[in-house]
Structures are given as C-alpha cells and as structure tokens.
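Working notes for the structure below.
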Amino acid sequence: MKVLIHGALGRMGQAVAAVLDANGVSHVGVDARAEENSGVLAHISQCREDVDCVIDFSSHLATADVAAFAEDRGVPVVFAATGQTEAEMARIRRCAEKVPVLKSGNLCVGVALLCHLAREAARALPGADIEIVEAHHNQKADVPSGTALMLAEAVRAERPHMKNVVGRHENGKREPEEIGIHSLRLGSVVGRHEVHFALAGQEITLRHDAFDRTLFAQGALAAAQFLMGRAPGLYDMEDLIHG
Ligand SMILES: NC(=O)c1ccc[n+]([C@@H]2O[C@H](COP(=O)([O-])OP(=O)(O)OC[C@H]3O[C@@H](n4cnc5c(N)ncnc54)[C@H](O)[C@@H]3O)[C@@H](O)[C@H]2O)c1
298 MKVLIHGALG
308 RMGQAVAAVL
318 DANGVSHVGV
328 DARAEENSGV
338 LAHISQCRED
348 VDCVIDFSSH
358 LATADVAAFA
368 EDRGVPVVFA
378 ATGQTEAEMA
388 RIRRCAEKVP
398 VLKSGNLCVG
408 VALLCHLARE
418 AARALPGADI
428 EIVEAHHNQK
438 ADVPSGTALM
448 LAEAVRAERP
458 HMKNVVGRHE
468 NGKREPEEIG
478 IHSLRLGSVV
488 GRHEVHFALA
498 GQEITLRHDA
508 FDRTLFAQGA
518 LAAAQFLMGR
528 APGLYDMEDL
538 IHG
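Just remember that the numbering used here sits 297 ahead of the position in the sequence shown, which is counted from 1.
Here is the structure:
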C-alpha cells in the first residue's frame with residue numbers, strides 16, 4: 298500500500314509518516330508549506346505517482362482539493378482534519394458516493410469508546426445537566442474541537458432536543474436542554490475531553506486524555522487499511538471498531 302499524506306509537514310503529518318515507516322508502508326507527502334525539491338509536493342494536483350489511499354491531516358480548507366483528487370484517482374480517503382463547514386461536509390458526503398471515505402474528528406479508539414459511554418450516560422441520566430470541557434495545545438486553530446462536537450452529537454442521539462452552547466459568556470441561568478461546550482488552549486496539551494453529567498447531589502465525569510499524537514496516526518493507518526477494497530460510502534470509527 299502507498300499512502301498520500303496530505304499536510305505532511307504538520308504535527309500530525311509527521312506522526313503519520315513515522316507510523317507508516319514503522320509499519321513498512323510507503324508514502325508520498327503533500328503540504329502547502331513544501332519547498333521546491335524537498336521531496337514533498339506543494340499541491341495535491343502535482344502528484345503523478347500511483348497511490349492507494351489519501352490521509353488528510355491538513356485543513357478543512359483543503360476538503361474540495363482532496364475530494365477531487367480521491368474521486369479522480371478512485372482511491373479511498375481518510376478525512377482527519379477538523380473544522381469543516383456544512384458546505385465542506387456536503388462535499389465529503391458527495392465524495393463518499395464515489396469512493397470509500399472515513400471521516401472522524403478523532404481517530405483514537407479510546408475516544409470512540411468515550412462517545413459510546415457519553416451516549417449511554419445520556420440515556421441513563423435523562424435529567425442531567427451535560428457540559429463538555431476540552432483542552433488542546435495553543436496552536437490549535439478550530440474551536441471547539443471536532444471531538445467535542447462528536448461528543449455532543451453522541452449525547453444528542455439520546456436527547457435530540459439538546460442544543461450546543463459554545464463558550465457560555467452572558468449572564469443568565471443555563472437552560473436544561475443546553476450542552477455547554479468549553480475550550481481551553483494551553484501549552485502542548487495533545488487532547489483532553491471531559492463530559493460532565495450532573496444531577497441533584499451528584500456528578501459523573503467521563504474523561505479521556507491523549508498523551509501522544511501517535512495514537513491518532515495509528516488510528517489513521519487502521520482507517521486506511523479498513524477502507525481498502527470497501528464499497529464507496531461514508532464510514533466512521535464505529536464502523537472500524539465493529540469491522
Ligand atoms: N482526526 C483526528 O484524530 C485528529 C487528531 C489530531 C489533529 N487533527 C486535525 O488535523 C489537522 C492538522 O493538525 P496538526 O496539529 O497536524 O496541524 P499543523 O498545523 O501542525 O499541520 C497542518 C499542515 O497542513 C498543511 N496545510 C494546510 N492547508 C493545506 C492545504 N490546503 N494543502 C496542503 N497542505 C496544507 C500546513 O502547511 C501544515 O503543515 C487539524 O485540523 C486538527 O484539528 C485531527
């Protein structure tokens with residue numbers, strides 16, 4: 298298998314390259330910051346090599362370019378970058394009609410379990426106040442994190458009327474159907490997510506800490522392997538975990 302790493306010079310792109318190397322998987326890199334003759338291409342349209350899959354850890358702004366390349370080559374794509382607009386998500390869904398696509402704001406298996414547990418807790422504690430707190434390093438661009446939004450979606454699967462309230466900042470009581478989402482940006486935190494469930498006199502907190510980017514890179518490789526030979530469609534981490 299040969300993988301095109303989109304966003305190859307970034308924190309995650311480099312972590313993916315290291316995991317592919319460790320697993321004997323060859324790769325080619327694309328990054329908007331690439332310098333000439335560096336071995337990394339500056340735009341995906343410059344790729345002349347045959348590749349079997351694309352892993353995108355660049356930016357949601359690259360969604361259309363990555364989707365067009367994957368469709369043109371007929372290869373699967375792992376959309377791992379976060380922060381997509383509704384229009385960009387629609388582009389990903391259109392792409393998934395033609396090639397196999399896995400889209401996840403968090404490729405870590407532990408976070409897939411956290412989403413499952415958050416959904417279970419939302420079902421078991423129907424009256425609970427629910428608040429999500431996430432922390433990431435000070436270079437992260439999107440707020441709130443894609444994972445926090447995934448967790449809110451998991452809660453909404455059981456309590457569909459709940460609405461996200463991001464960065465609560467005005468005076469006034471919280472409404473019972475709010476999911477408060479709060480973002481910390483500090484130092485080099487790789488990724489921390491907490492989901493708080495509070496009832497009168499008690500609180501349950503589910504928490505996941507990612508200590509190393511390698512987790513996400515390993516998830517990206519597992520996702521690429523999962524997509525090989527699949528029918529076109531939009532897959533997620535639940536599909537990967539359950540085979
Ligand atoms: N799904 C997951 O599990 C997961 C985990 C960690 C990070 N992320 C997401 O992955 C993305 C990258 O994270 P990072 O920490 O590596 O960021 P980063 O800023 O370190 O790296 C991004 C790289 O992409 C390149 N890039 C940006 N736009 C581009 C474009 N249009 N074409 C080509 N290259 C482009 C940049 O030059 C940069 O080198 C972010 O959206 C982040 O939220 C997802």
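Note that the Cβ used here is the ideal one computed from N, Cα and C, for glycine as well.
With a cut-off of 7 Å, the C-beta of V486 is classified as distant from ligand 1, since no heavy atom of the ligand falls inside that distance. Excluding sequence positions up to five before and after A361, its CB lies within less than 8 Å of the CB of E385 and R388, all in the same chain and listed in chain order.
For A520, the distance from the CB to the nearest heavy atom of ligand 1 is not below 7 Å. With fewer than 16 other Cβ atoms inside 10 Å of its own Cβ, E333 counts as exposed. Following the DSSP letters along the chain, one finds C392 in no beta strand (DSSP E) but inside the alpha helix (DSSP H) bounded by residues E383 to C392. The set of residues with a C-beta under 5 Å from any non-hydrogen atom of ligand 1 comprises G304, L306, G307, R308, M309, D328, A329, R330, F354, S355, S356, A359, A377, A378, T379, N403, L404 and F513, given in chain order. Boundaries of the alpha helix (DSSP H) harbouring D536: M534 to I538, taken from the DSSP string.
Contact between Y532 and V398 holds, since their C-beta atoms are separated by about 7 Å, short of 8 Å. Cβ neighbours of L446 within its own chain (closer than 7 Å, five residues either side excluded): G402. Contact check for V408 and F354: beta-carbon distance about 16 Å, past the 8 Å limit, so the pair fails to qualify. The C-beta distance from A519 to L537 rounds to 6 Å, short enough to meet the 8 Å contact threshold.
Per the DSSP secondary-structure output, D506 pairs in a beta bridge with R489.
F523 carries a helical assignment under DSSP once its states are collapsed to helix, strand and coil. Excluding its 5 nearest sequence neighbours in each direction, H434 has C-beta neighbours in its own chain below 6 Å: S485 and V486, listed in chain order.
Counting along the chain, F376 sits inside the beta strand (DSSP E) bounded by residues V374 to F376. By the neighbour-count criterion, in which a residue is buried when 16 or more other Cβ atoms sit within 10 angstroms of its Cβ, P373 is buried.
Boundaries of the beta strand (DSSP E) around L399: P397 to K400. For the 8 Å CB-CB criterion, E474 and H458 form a contact.
With distances taken between CA atoms, D328 lies nearest to I302 out of E394, G321 and I302.
Leaving aside the five residues that flank M298 on each side, the residues in its chain whose CB is nearer than 6 Å to its CB run, in chain order, V322 and D349.
Apart from sequence neighbours up to five positions away, the residues of its chain that approach G516 with a beta-carbon distance below 7 Å are L404, C405 and V406, ordered along the chain. With fewer than 16 other CB atoms across the displayed protein chains lying within 10 angstroms of its CB, L483 is exposed.
Residue nearest to A421 within the set R504, A449 and F494 is F494 (criterion: CA-CA distance).
Per DSSP, H324 lies in no alpha helix (DSSP H) segment; the continuous beta strand (DSSP E) that holds it begins and ends at S323 to V327. Rounded to the nearest angstrom, the gap between the Cα atoms of A359 and A432 is 25 Å.
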